[in-house]
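Chains as they are written, first to last, in this note's numbering: chain A, 76 to 470; chain B, 30 to 416. By construction, the Cβ of each residue, glycine as well, lies at the ideal position given by its N, Cα and C atoms.
Here it is, written out as structure tokens:
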């Protein structure tokens, strides 16, 4: 018998005996499934959050804020500055009018549906160009707000997470009443967590005079960005920071995603360590209970390598079974689960859905395979080193 | 006690197995400790909230400013013992990635309102004398190696001052927390200096803190404050600090639920692994347990011996895990980056007790089935069985 077929037959023999040790095998596999499910579950929060924040970012949209501002909330742009920005080279024009929108960003308290407690919801004042700049804004229910009136449209995610954002409803913030006239989608992106109204109305309601906080401009091509940026930063009348929308969004998401990802990884690694210890125990027991069998095989002339392989494979099979169960379970339980959390960069709410990505599932399977291999290693070595004569004599 | 020795000897027999089980329990309890600290860090304000204090913000959102003239009107409301105010400054030192917890305050009102910080009397006097003076928390001072007498330039993306360039502050004091684990990352400077130098927003503050005479009447006082400013251009929302922090935490999502689910998954996993090992070791010793019974051990005693084994493992492992977790949390809490985002990071005493209780529960749950199995062994059959 050659070496390879030895390995195959001994491995198959080992795996086929798993059902005899149902209890301990299942305990090990389910233990690993638990680890994998937590790993996938926690990281899917980070993935979903990142997706919600970054997915709608475009390379040909530039966001202009005051120099030194990290986000729109701490920025300020006057009407005169906004005009200069819109007229800069590189901005798309339709019928001679620049496709750009000077916007105002405030935060209002709206109760969360799930808890009934107030949450900070972003409220954005936009100019008529806003939809054209973004390109993916669609009214899915009701109609667009009319200029100059206290009317708002709500993003679909915001309407789902927060109470009272149904079309036809009236909201009262401070002394002003606002009529919800429509719901909009924005390609699954961050805009869907926001409420929108006319900038001039919002300026008046919030005593912002004639100032804005940011200007969104649609560029002719993504390549025009540098030209646009240079012309603004070299203009002595302006002190602004110019970023692409993609960069702006990923910067916005980084704090929260990094936070969740690092915590999720630490938890998963610790749990993996626990599961690894369990797997080692299970495999030692498996080797222990099969020591007479193994010794018999060795006595018949099977080499050490097939025995090592068989133990490793057995452990790998158990771990992978656990990994697949855990990953599938997490996928079914968490994928698409909708939630809203605070974006630390702007202190405002972002609605998102947990995203179990293929990459995440792959990582989960890799994690379980690692647990299986490392868990089987030492027991496998012990199996190979069993003193044949004593083991044969064991009960 | 002699039975404890028996338990100990049984555990020692398969040293490797015992060690592995013990370690997996250690891991579970280290995680327990870390998650307890994390939960506190995220929802933590709630535990540190002062029941005597209210926060009064603009009704529409915390970003809207309130007139400074409200101070005097609030102080007159029955039940109000003291009032102070703060404003979000958003100060940045050098790099915009390093935002500091910077607030302009009225020194005397602030110190009276905030007993959780302590500032030496001479430094307090220096602060009252220096218009550009600022006091900073101990951990902030350590982080940037700032000391009294240093002049610190800060930029604020929100507030521009009337002279060109950055805001300049002179450090005149370094405060400590009066309670263990208090947040000492703050940078506090004088409101009068701020108000005079800022462009725009003059005479307006971010929010008020109100101390009430009697915490039991806090809600009524809050309602009275809101009523006082109802139908004015800037309506208020007054709430207790606890309610405010609770609301803030719930904005993050249901942290408590997520943490509890993770812990449940951890303990379920550990329970399976440890329970399985215990069952295995009872099975292997069937014959021996038969001998114990034959020499006169009662059923209850056999149950106790087996249960004792699992209790020793989980309690020992759990206590080691909790101590390790405690050391790790203390270590992590000292890291500058963590301190900046999670200023409150420690394991609440209550959770340490819960953890200690859980070690016993876990030992009981994992051990009880094998123990009952051992107790029910038929003497004759057990003796006859091999291995």
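Leaving aside the five residues before and after residue i along the sequence, list all residues of the same chain whose C-beta is less than 6 Å from its C-beta, in chain order.
i: residue 292(A); result: 137, 166 and 175
i: residue 299(A); result: 165
i: residue 82(A); result: 381 and 384
i: residue 108(A); result: 397, 400 and 401
i: residue 340(B); result: 392
i: residue 371(B); result: 70
i: residue 118(A); result: 339 and 435
i: residue 112(A); result: 401, 404 and 405
i: residue 162(B); result: 156, 199 and 201
i: residue 321(A); result: 132 and 134
Hey, would you say residue i sits closer than 8 Å to residue j, going by beta carbons?
i: residue 458(A); j: residue 355(A); result: no
i: residue 220(B); j: residue 134(B); result: yes
i: residue 212(A); j: residue 266(A); result: yes
i: residue 183(A); j: residue 248(A); result: yes
i: residue 170(B); j: residue 146(B); result: no
i: residue 270(B); j: residue 84(B); result: yes
i: residue 60(A); j: residue 339(A); result: Absent from the model: residue 60(A). The displayed extent of chain A is 76 to 470, so no value can be given.
i: residue 346(B); j: residue 91(B); result: no
i: residue 353(A); j: residue 53(B); result: yes
i: residue 384(B); j: residue 66(B); result: no
i: residue 426(A); j: residue 233(A); result: yes
i: residue 251(B); j: residue 80(B); result: no
i: residue 195(A); j: residue 422(A); result: yes
i: residue 200(A); j: residue 278(A); result: yes
i: residue 299(B); j: residue 349(A); result: yes
i: residue 141(A); j: residue 314(A); result: yes
When burial is assigned at 16 or more other CB atoms within 10 Å of the CB, is residue i buried or exposed?
i: residue 437(A); result: exposed
i: residue 253(A); result: buried
i: residue 409(B); result: exposed
i: residue 416(B); result: Its pLDDT being 46, under 50, residue 416(B) is placed unreliably in this model, and the coordinates cannot settle the point.
i: residue 124(B); result: exposed
i: residue 85(A); result: buried
i: residue 95(B); result: buried
i: residue 319(A); result: buried
i: residue 202(A); result: buried
i: residue 278(B); result: buried
i: residue 183(B); result: buried
i: residue 172(A); result: exposed
Please report the residue range of the alpha helix (DSSP H) in which residue i lies.
i: residue 397(A); result: 379 to 409
i: residue 273(B); result: 270 to 280
i: residue 263(B); result: Premise fails: residue 263(B) is in no alpha helix (DSSP H) and is neither H nor E.
i: residue 417(A); result: Per DSSP, residue 417(A) belongs to no alpha helix (DSSP H); it is in the beta strand (DSSP E), 413 to 418.
i: residue 433(A); result: 433 to 460
i: residue 346(A); result: 320 to 364
i: residue 357(B); result: 328 to 362
i: residue 175(B); result: Per DSSP, residue 175(B) belongs to no alpha helix (DSSP H) and is neither H nor E.
i: residue 399(B); result: 378 to 404
i: residue 86(A); result: 78 to 91
i: residue 109(A); result: 97 to 129
With respect to the beta strand (DSSP E) encompassing residue i, which residues constitute its N-terminal and C-terminal limits?
i: residue 205(B); result: 196 to 206
i: residue 140(A); result: 136 to 141
i: residue 184(A); result: 175 to 186
i: residue 252(A); result: 251 to 261
Using 8 Å for Cβ pairs, my map puts residue i next to residue j. What's the rounded Cβ distance?
i: residue 403(B); j: residue 332(B); result: 7 Å
i: residue 178(A); j: residue 274(A); result: 6 Å
i: residue 237(A); j: residue 187(A); result: 6 Å
i: residue 216(A); j: residue 191(A); result: Their Cβ separation, rounded to whole angstroms, is 24 Å, which puts residue 216(A) and residue 191(A) out of contact at 8 Å.
i: residue 89(B); j: residue 103(B); result: The Cβ separation is near 19 Å, so there is no contact.
i: residue 267(B); j: residue 254(B); result: 4 Å
i: residue 232(B); j: residue 97(B); result: 5 Å
Sorted by chain position, which residues of the same chain lie with C-beta nearer than 7 Å to residue i's C-beta, five sequence neighbours on each side aside?
i: residue 358(A); result: 386, 390, 450, 451 and 454
i: residue 218(A); result: 256 and 257
i: residue 318(B); result: 331, 403, 406 and 411
i: residue 60(B); result: 295
Spatial neighbours of residue i within its chain, please: C-beta separation below 8 Å, excluding the five flanking residues on both sides.
i: residue 304(A); result: 137 and 317
i: residue 338(B); result: 36, 39, 40, 307, 310 and 396
i: residue 99(A); result: 357, 360 and 361
i: residue 139(B); result: 113, 115 and 217
Would you say residue i reaches chain C, if we count a Cβ-Cβ gap shorter than 8 Å as a contact?
i: residue 184(B); result: Of the chains in the structure shown, none is chain C; the protein chains are A and B.
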